[in-house]
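Below: the structure, in structure tokens.
In the working numbering, the protein residues as written are 3 to 687.
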């Protein structure tokens, strides 16, 4: 069954009834699973299932805790009274949604995503590319900030299990930033030859082989050049193309060993003169290649002359400058990864590498670095796919390997805005961008507060977004009126009329169960549900008959045009208006309204006696209120009530009702006499 539907608990078909089985129930975004042993007594299996069926209501409302308790209770024992130990599991489609420290990732990236959608048509050409690169950097900054928070959490916690979870998340976030940064260089910025190498060097320096602690340790020692890690630090700087820092360290060696001063000066000069691409330089690639060739020949000459033969460390550095693969691979432990080896290899053997040539260097670098000893990890395959410019393969591998949909959804959206995925439609209807955004947003909807972010993601899925939103928003647990109003506002803004009615009916029913008639009436009016409004109006009238006063006067006094939703609601509003007029001593207007309510037949028959009783004070006023014609109408209504009542005998046997009728007849007769005298006097004069 799909996760978007609620079905009764099921057991695995074809299993042995006497053995342990899996019992499961699908929810909106989760599945409840338990292992159970059905007893030997006949019918225990059916009883277990029948008791557990009612958890579907909790599960459909997203109340996982209540569902788990319900299922645990239903599996508490077997048919023959022997306890059955059962463990209940909640299997979620996107567990990362519930990690508190990742809330920053979801919340802040939502703002970046929305900004990208709004700015789609604002810029073009180079300005648009710069904007997209900035958006990519913003995403990466959020990943890094979240990674730092997770790292601090791992340090501060004393729980080994939590520490392990945080450390795992740090590793995942680090891999995500590594992949994203590479995709930014190759796909978003689309760096060309020359600039490409500079970007890859920055990428390696940022993500691979952090030597800052090693550098601090070496520089803080009394004699840096004598430190055991001195040459390791120099080598790492050279491998990462950080020539100024390498030269600075080598100057320490020259100061400490005057005998190596000549070698140091030559090596320092070679490192200083090394031609490098420059983003702001106007030199062409041909000029750069020519300079690099002359410099390479000079390095080769010094090496062949044996200039550095007496110092193995400097000789090794010179070999690295020449791009000697064996010399570079000797520093394998310092590089730690094949992609570091790739960038170092390109720096010293092919600095003007073109994007389309990367695939060949990447594959050979991985083969040389791993050497058949180790097989590639999933991260290696993702990076290799990126170097091969297989964007769809990158997205596919990340979808399989990473623990949530956040990464692939946002990366694919960014690449789609770069016009790189326009031609790729999925065979089942939607394009890749929309499919991944739908999956990510569906996961957000399983969270008690992050669902609000999911609404915006659905809004920007033009093909299926609205359908998904309609399905998911109906399953949000409406635990409070505030939350219901928030959901309702979202539906109203999007003209989701069916969902608006559904939410209002649910809230009206909840309020009615809690005897909050005012709230129930307000929700039913909002739902435009005439039948339900009639039901609640009857409850108001019943309460009035029992208590002699109305509750929620503010609501009834301000019904306005809403009272036309149903006849009973109209009657309720007008009847309250009668009481207001009476309270303001506007007796003639109150009398006319009361008579209208009776003669218009919108009052329930059961309420006629109450209306006639309300006429008594007006009939007994010193001033004549009802005219002769109005008095006759009241008499007719009274006779209709007494003559047409199906429980006439019971009505006559009720002393209270009989007394009321006699009092009304007497009051009507006296009023009629007063009216005749008054009207006769007026006519005589």
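Glycine included, C-beta positions come from ideal geometry on N, C-alpha and C.
Note that this is a predicted model, so its numbers are computed, not measured.
Whole angstroms is fine: what's the gap from residue i's alpha carbon to residue j's?
{"i": "residue 440", "j": "residue 463", "result": "7 angstroms"}
{"i": "residue 132", "j": "residue 204", "result": "18 angstroms"}
{"i": "residue 471", "j": "residue 105", "result": "22 angstroms"}
{"i": "residue 399", "j": "residue 377", "result": "16 angstroms"}
{"i": "residue 678", "j": "residue 629", "result": "9 angstroms"}
{"i": "residue 404", "j": "residue 174", "result": "7 angstroms"}
{"i": "residue 249", "j": "residue 418", "result": "44 angstroms"}
{"i": "residue 310", "j": "residue 320", "result": "8 angstroms"}
{"i": "residue 640", "j": "residue 469", "result": "57 angstroms"}
{"i": "residue 600", "j": "residue 515", "result": "31 angstroms"}
{"i": "residue 721", "j": "residue 240", "result": "With the chain covering 3 to 687 only, the question about residue 721 has no answer from this structure."}
{"i": "residue 557", "j": "residue 525", "result": "12 angstroms"}
{"i": "residue 605", "j": "residue 98", "result": "58 angstroms"}
{"i": "residue 199", "j": "residue 492", "result": "48 angstroms"}
{"i": "residue 449", "j": "residue 347", "result": "47 angstroms"}
{"i": "residue 576", "j": "residue 459", "result": "47 angstroms"}
{"i": "residue 331", "j": "residue 367", "result": "10 angstroms"}
{"i": "residue 411", "j": "residue 536", "result": "48 angstroms"}
{"i": "residue 413", "j": "residue 369", "result": "28 angstroms"}
{"i": "residue 501", "j": "residue 543", "result": "30 angstroms"}
{"i": "residue 340", "j": "residue 222", "result": "31 angstroms"}
{"i": "residue 625", "j": "residue 643", "result": "27 angstroms"}
{"i": "residue 595", "j": "residue 666", "result": "18 angstroms"}
{"i": "residue 540", "j": "residue 432", "result": "50 angstroms"}
From the DSSP output, in three-state form, read off residue i for me.
{"i": "residue 109", "result": "helix"}
{"i": "residue 355", "result": "coil"}
{"i": "residue 433", "result": "strand"}
{"i": "residue 35", "result": "strand"}
{"i": "residue 278", "result": "coil"}
{"i": "residue 498", "result": "coil"}
{"i": "residue 320", "result": "helix"}
{"i": "residue 191", "result": "coil"}
{"i": "residue 311", "result": "coil"}
{"i": "residue 174", "result": "helix"}
{"i": "residue 391", "result": "coil"}
{"i": "residue 143", "result": "helix"}
{"i": "residue 419", "result": "helix"}
{"i": "residue 588", "result": "coil"}
{"i": "residue 161", "result": "coil"}
{"i": "residue 536", "result": "helix"}
{"i": "residue 446", "result": "helix"}
{"i": "residue 166", "result": "helix"}
{"i": "residue 595", "result": "helix"}
{"i": "residue 605", "result": "coil"}
{"i": "residue 229", "result": "coil"}
{"i": "residue 551", "result": "coil"}
{"i": "residue 561", "result": "coil"}
{"i": "residue 404", "result": "coil"}
{"i": "residue 284", "result": "coil"}
{"i": "residue 345", "result": "helix"}
{"i": "residue 384", "result": "helix"}
{"i": "residue 688", "result": "Not covered by the structure: residue 688. The range shown for the chain is 3 to 687."}
{"i": "residue 3", "result": "Confidence at residue 3 is low in this model, with a pLDDT of 32, below 50, so its placement is unreliable and the value that follows should be read with caution. Here residue 3 sits in coil by DSSP."}
{"i": "residue 101", "result": "coil"}
Which residues mark the beginning and the end of the alpha helix (DSSP H) in which residue i is found?
{"i": "residue 569", "result": "569-585"}
{"i": "residue 481", "result": "Counting along the chain, residue 481 falls outside any alpha helix (DSSP H), and DSSP gives it neither H nor E."}
{"i": "residue 213", "result": "Neither: residue 213 is in no alpha helix (DSSP H) and is coded neither H nor E."}
{"i": "residue 524", "result": "519-529"}
{"i": "residue 234", "result": "232-241"}
{"i": "residue 301", "result": "287-306"}
{"i": "residue 245", "result": "245-258"}
{"i": "residue 634", "result": "630-645"}
{"i": "residue 470", "result": "467-475"}
{"i": "residue 328", "result": "327-331"}
{"i": "residue 334", "result": "334-337"}
{"i": "residue 366", "result": "360-372"}
{"i": "residue 620", "result": "610-621"}
{"i": "residue 460", "result": "453-461"}
Taking only beta-carbon atoms, is residue i less than 8 angstroms away from chain C?
{"i": "residue 161", "result": "Looking at the structure shown, chain C is missing, and only one protein chain is on hand."}
If we count Cβ pairs, one from each stretch, closer than 8 angstroms, do we get three or more for the stretch 270-288 versus the stretch 363-377?
no
Examine the Cβ distances between the stretch 147-156 and the stretch 384-402 and report whether three or more of them are shorter than 8 angstroms.
no
Would you check if there are 3 or more beta carbon pairs closer than 8 angstroms linking the stretch 136-143 to the stretch 158-170?
no
Quick test of the definition: if touching needs 3 or more C-beta pairs under 8 angstroms, does the stretch 211-225 touch the stretch 292-303?
No, the stretch 211-225 is not in contact with the stretch 292-303.
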